[in-house]
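Q:
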Amino acid sequence: MYRILVLNGPNLNMLGTRQPEIYGRDTLDDIDALCRQTAEKFGACADCFQSNSEGALIDRIQQARGSYDAIVINPAAYSHTSVAIMDALLACDLPVVEVHLSNIHRRDEFRHFSYVSKAATGVICGLGKKGYVLAVEAAVSLVKGE
Ligand code: DQA
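Heads up: the sequence shown runs through residues 1265 to 1410, numbered per the numbering used here.
#1: Using CA atoms only, rank isn't needed, just tell me which of 1398, 1350 and 1365 is closest to residue 1282.
#2: Excluding the 5 residues flanking residue 1326 on each side, which residues of the same chain have their C-beta closer than 8 Å to its C-beta?
#3: List the DSSP bridge partners of residue 1311.
#4: Below 7 Å, is the gap between the Cβ of residue 1398 and the nearest heavy atom of ligand 1?
#5: Taking the straight line between their C-alpha atoms, what separation do you get for residue 1288 and residue 1301?
#6: Leaving aside the five residues before and after residue 1398 along the sequence, list all residues of the same chain whose C-beta is less than 6 Å from its C-beta, in chain order.
#7: Please name the residue, chosen from 1400, 1345, 1314 and 1285, that lies closest to residue 1363 on a Cα-to-Cα basis.
#8: With residue 1342 and residue 1308 assumed to form a contact (beta carbons below 8 Å), what rounded beta-carbon distance in angstroms separates them?
#9: Quick check on this structure: which residue in 1346, 1371 and 1410 has the alpha carbon closest to the alpha carbon of residue 1382?
#10: To the nearest angstrom, how far is it from the Cα of residue 1368 to the Cα of residue 1376?
#11: If you measure from the CB of residue 1329, is any heavy atom of ligand 1 nearer than 7 Å?
#12: Is residue 1359 buried or exposed, if buried means 16 or more other CB atoms sit within 10 Å of its CB?
#13: In terms of residue numbering, what span does the beta strand (DSSP E) encompassing residue 1388 cover?
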């Protein structure tokens, strides 16, 4: 069974009520459930973790090496600021799929650049919760070497 770690960064625990016109009305629990269902559909299992803390996300990325086969991550605002998360992802030696609910390229200029993209195998943005479905499917596919 392939193991996928789904990581969500700061303020994504507020999904459902946080700027729903941008991020939708689904909660993080809804999205986590969708990720688990998608992983199962493709013969994998997904563990989901959210933190508002950069250090906690880095700890989970470091622990993923050897325990997981791929990482799906929405680093939220840390995408645009965190060299440390980028470095942790580069060090973990796993396929990484970066996902954003919104299309970061249509938004403020400071959101156009993502450090995490430099460590990602692929990036999905602008498709809302569907992006997580595609990201988990892509992660499993990468692990299977398809
Ligand atoms: C986000 C986009 C980021 O710019 C923002 O800081 C977020 C969410 C998204 O999913 O669209 O918190 O990663």
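Here a beta-carbon is modelled for each residue, glycine too, at the ideal position from N, C-alpha and C.
A: Inspection of the coordinates gives the following:
#1: As a first step, residue 1282 is located in the sequence shown; it is residue number 18 there, counting from the start. Checked all of 1398, 1350 and 1365; the closest Cα to residue 1282 is 1365.
#2: Within the sequence shown, residue 1326 is the residue found at index 62, counting from 1. Contacts found: 1352, 1355 and 1356.
#3: As a position in the sequence shown, residue 1311 is number 47, starting the count at 1. Looking at the DSSP output, residue 1311 sits in a beta bridge with 1269.
#4: The sequence position of residue 1398 within the sequence shown is 134, counting from 1. No, the beta carbon of residue 1398 sits no closer than 7 Å to any heavy atom of ligand 1.
#5: If you number the sequence shown from 1, residue 1288 lands on position 24. If you number the sequence shown from 1, residue 1301 lands on position 37. Roughly 20 Å between the two C-alpha positions.
#6: Counted from its first residue, the sequence shown places residue 1398 at position 134. Excluding residues within five positions, the ones whose Cβ falls inside 6 Å are 1388.
#7: To locate residue 1363, count along the sequence shown from 1; it is residue 99. Ranking 1400, 1345, 1314 and 1285 by Cα distance to residue 1363 puts 1400 first.
#8: Residue mapping note: residue 1342 aligns to position 78 of the sequence shown, counting from 1. Residue mapping note: residue 1308 aligns to position 44 of the sequence shown, counting from 1. Actually they are not in contact, since the Cβ atoms of residue 1342 and residue 1308 sit about 25 Å apart, beyond 8 Å.
#9: Here residue 1382 corresponds to residue number 118 of the sequence shown, with the count starting at 1. Nearest option by C-alpha distance: 1346.
#10: Taking the first residue of the sequence shown as 1, we reach residue 1368 at position 104. Taking the first residue of the sequence shown as 1, we reach residue 1376 at position 112. Using only the alpha carbons, I get a separation of about 6 Å.
#11: On the sequence shown, residue 1329 is found 65 positions in, with the first residue counted as 1. Result no, Cβ not under 7 Å from ligand 1.
#12: Here residue 1359 refers to the residue found at position 95 when the sequence shown is read from its first residue. By the neighbour-count rule (16 or more Cβ atoms within 10 Å), residue 1359 is buried.
#13: One-based indexing of the sequence shown puts residue 1388 at position 124. Counted as a single uninterrupted DSSP element, the beta strand (DSSP E) harbouring residue 1388 occupies residues 1386 to 1389.
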